[in-house]
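Asks: Let me give you the structure first, and then I'll get to my questions.
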Amino acid sequence: MALAGLNHKLGWRGTTNTLLNFGEGKYPVNGEAGAVGYLVGKPHEGLRCMFHMMNEARIGVGTAATMLGMAGYYASLDYAKNRPQGRPVGVGGKDAAQPQIRIIEHADVKRMLLAQKAYCEGALALELYCARLVDEHHTADAQAADDARLLLEVLTPIAKSWPSEWCLEANSLAIQVHGGYGYTRDFPVEQYWRDNRLNMIHEGTHGIQAMDLLGRKVLMEEGRGLQLLATRIHATIEKAIQAPELASYANALGKALQHVGNATQAAWATGKPGEALANAVPYMQGFGHTVLAWIWLDVALAALKVDASKSIAATAGKLGATRYFYHYELPKINAWLNVVETHDLTCANLPEEAF
Ligand SMILES: Cc1cc2nc3c(=O)[nH]c(=O)nc-3n(C[C@H](O)[C@H](O)[C@H](O)COP(=O)(O)OP(=O)(O)OC[C@H]3O[C@@H](n4cnc5c(N)ncnc54)[C@H](O)[C@@H]3O)c2cc1C
């Protein structure tokens, strides 16, 4: 085995990555080109063992993506509270005689902060839910342990991919909130984005997670995992429908879940994997946003339980992020799931020469 060199990476510069060449003859083994491999465990069980490790590792990747998103959120929140720029806009436009305001007072900056909060706190709640399922899988009674196993099968691609995509987007927004400074090394947010960019790539790329979800996880055991997830989502809907401030979101979540179910069936209606999986990533995006809408509804219910009078700022924050998710994010699923349902082959069928 030869050390060919170091990889010079976009992020994660505190760890060393090396390129190893096996069997090229630079360091002969018993006088010949080659490398010595050692069998660990029983023959033909390596991939199964690797996936045993990989499933929990994927929840770890999602959690890492979440924490980088959180770090960017807190950094940009702090910056927005301290940076004076612009003046309030009144009926007659801007009044130059007024003192400058801090950028957190601008609606568009609040939008970028609330998006980060919705992505990152939602992702954290999802990861904690999955971590609890891992515990239940090991410690609960037989039925609950099996349910936890099956739910984890379906949720693991989401736990890995969703924070990798949306907490990365949060990091991009954290840069935007910093304006020009966000693009410099004077502030930490550019590093968070660079470090987070890895998470859509390693431990199975986004495309591979999507194929795992649509090609395997929603089909396995006659769709029992998807049904179990739907049962849990319906339980939250039934509770939320009783709360006047959440009833419309409960209805929207019910429709989203129905849309995911229809898209799953439509994707496989012709039984051709090539067609079904051509839009696996948009499917995963629609599925992921629906799961996160469920998570946010559950968080909102818990927040109202703690503080029914909504007098604590943290409750207003949780309800605000839930509102943001349902008004600005959940409607996106229609575009993603429609291309799945209609077997849109715009990308798949474009000939190579046309690129
Ligand atoms: C910083 C860093 C650290 C790493 N650390 C480790 C480590 O410790 N151990 C380790 O084993 N690996 C490690 N990796 C490797 C990492 O897991 C792989 O880079 C990753 O799994 C993607 O594989 P690939 O690079 O071969 O990309 P490819 O497989 O070539 O993928 C390239 C693109 O093609 C798409 N694609 C590939 N196949 C298909 C398909 N069948 N259908 C549709 N689309 C497809 C992918 O989604 C991707 O977008 C590391 C990588 C990096 C960057």
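Under numbering that gives the first Met the number 0, the first residue of the sequence shown is numbered 0, with each subsequent residue one higher.
Cβ atoms here follow ideal geometry from the backbone N, Cα and C, with glycine treated the same way.
#1: If you reduce the DSSP assignment to three classes, tell me which class residue 4 lands in.
#2: Any heavy atom of ligand 1 inside 7 Å of the beta-carbon of residue 421?
#3: Give the straight-line distance between the Cα atoms of residue 12 and residue 5, rounded to the nearest whole angstrom.
#4: Out of 19, 128 and 260, which has the shortest C-alpha to C-alpha gap to residue 297?
#5: Who are the Cβ neighbours of residue 118 in its own chain at under 7 Å, not counting the five residues just before and after it?
#6: Would you kindly work out how many angstroms separate the C-alpha atoms of residue 72 and residue 188, rounded to a whole number?
#7: When DSSP labels each residue in this structure, what does residue 212 get in the three-state scheme?
#8: Confirm the yes/no value for this check: CB of residue 244, any heavy atom of ligand 1, distance under 7 Å.
#9: Hey, residue 249 and residue 240: beta-carbon distance below 8 Å or not?
#10: If I measure Cβ to Cβ from residue 255 and keep anything under 7 Å in the same chain, skipping five residues before and after, which residues do I get?
#11: What number of angstroms, rounded off, separates the C-alpha of residue 428 from the C-alpha of residue 152?
#12: Ligand 1 heavy atoms versus the CB of residue 20: any closer than 7 Å?
#13: Among the residues of its own chain, which have a CB less than 8 Å from the CB of residue 194, if the five just before and after it don't count?
#14: At what residues does the alpha helix (DSSP H) containing residue 218 begin and finish?
#15: Between residue 159 and ligand 1, is there a pair consisting of the residue's CB and a ligand heavy atom that are separated by less than 7 Å?
#16: Please report the Cβ distance between residue 109 and residue 320, rounded to the nearest whole angstrom; I am assuming they are in contact, meaning their Cβ atoms lie under 8 Å.
#17: Taking buried to mean at least 16 other C-beta atoms within 10 Å of its own C-beta, is residue 14 buried or exposed?
#18: Would you mind giving the Cβ-Cβ distance between residue 157 and residue 287, rounded to the nearest angstrom? I have them listed as a contact below 8 Å.
#19: Any heavy atom of ligand 1 closer than 7 Å to the Cβ of residue 51?
#20: For residue 111, does the count of other Cβ atoms within 10 angstroms reach 16, so buried, or fall short, so exposed?
#21: Have a look at residue 213 and residue 282 and give me their C-alpha separation to the nearest angstrom.
#22: Which one of 271, 76, 232 and 81 has the shortest CA to CA distance from residue 174?
#23: On the three-pair Cβ rule with 8 Å, is the region 213–224 touching the region 258–274?
#24: For residue 285, name the three-state secondary structure that DSSP assigns.
#25: Go ahead and label residue 159 buried or exposed: buried means 16 or more other beta carbons lie within 10 angstroms of its beta carbon, across all protein chains shown.
#26: Any heavy atom of ligand 1 closer than 7 Å to the CB of residue 16?
#27: Which residue or residues does DSSP assign as beta-bridge partners of residue 101?
#28: Can you tell me whether residue 19 is buried or exposed? The criterion is at least 16 other CB atoms within 10 Å of its CB, across all chains shown.
#29: What residues in its chain sit with their C-beta under 8 Å from that of residue 149, if we drop five residues either side in the sequence?
#30: Which residue or residues does DSSP assign as beta-bridge partners of residue 31?
#31: Consult DSSP for residue 269 and reduce its assignment to one of helix, strand or coil.
#32: Since residue 371 is in the alpha helix (DSSP H), which residue starts that stretch and which ends it?
#33: Tell me which same chain residues have a C-beta within less than 8 Å of the C-beta of residue 324, skipping the five on either side of it?
Replies: Taking the coordinates as given:
#1: Note: residue 4 maps to strand in three-state DSSP.
#2: With the chain covering 0 to 354 only, the question about residue 421 has no answer from this structure.
#3: Computed Cα separation, rounded: 11 Å.
#4: The residue with the shortest Cα to Cα distance from residue 297 is 128.
#5: If we look at residue 118 and ignore the five residues flanking it on each side, its Cβ neighbours are 68, 165, 166, 168 and 169.
#6: About 9 Å.
#7: Here residue 212 carries a helix assignment [DSSP, helix/strand/coil].
#8: It does not: the Cβ of residue 244 is nowhere closer than 7 Å to a heavy atom of ligand 1.
#9: With contacts defined as CB atoms closer than 8 Å, residue 249 and residue 240 qualify as a contacting pair.
#10: Within the same chain, residue 255 has close Cβ partners 289, 292, 329 and 332.
#11: Residue 428 cannot be examined here, being either before or after the span of the chain that is shown, 0 to 354.
#12: No, the Cβ of residue 20 stays beyond 7 Å of every heavy atom of ligand 1.
#13: If we look at residue 194 and ignore the five residues flanking it on each side, its Cβ neighbours are 10, 11 and 67.
#14: From DSSP, residue 218 is part of no alpha helix (DSSP H); its letter is neither H nor E.
#15: Flag unset: Cβ of residue 159 not near ligand 1.
#16: Not really, about 12 Å apart at Cβ, beyond 8 Å.
#17: Residue 14 comes out exposed.
#18: With 8 Å as the limit, residue 157 and residue 287 qualify as a contact, their Cβ atoms being about 5 Å apart.
#19: Annotation for residue 51 indicates a beta carbon at 7 Å or more from all heavy atoms of ligand 1.
#20: So residue 111 counts as buried.
#21: Take the alpha-carbon of residue 213 and the one of residue 282: they are about 7 Å apart.
#22: Answer by Cα proximity: 76.
#23: Yes, they touch.
#24: Helix at residue 285.
#25: That one is buried.
#26: In this structure, residue 16 has its beta carbon less than 7 Å from a heavy atom of ligand 1.
#27: Answer by DSSP bridge pairing, in chain order: 83.
#28: Residue 19 should be labelled exposed.
#29: Excluding residues within five positions, the ones whose Cβ falls inside 8 Å are 220, 223, 224 and 227.
#30: Answer is 28, bridged to residue 31.
#31: Coil.
#32: Residue 371 cannot be examined here, being either before or after the span of the chain that is shown, 0 to 354.
#33: Short of 8 Å from the beta carbon of residue 324, and not among the five residues preceding or following it, lie these beta carbons of its own chain, in chain order: 117, 121, 291, 292 and 295.
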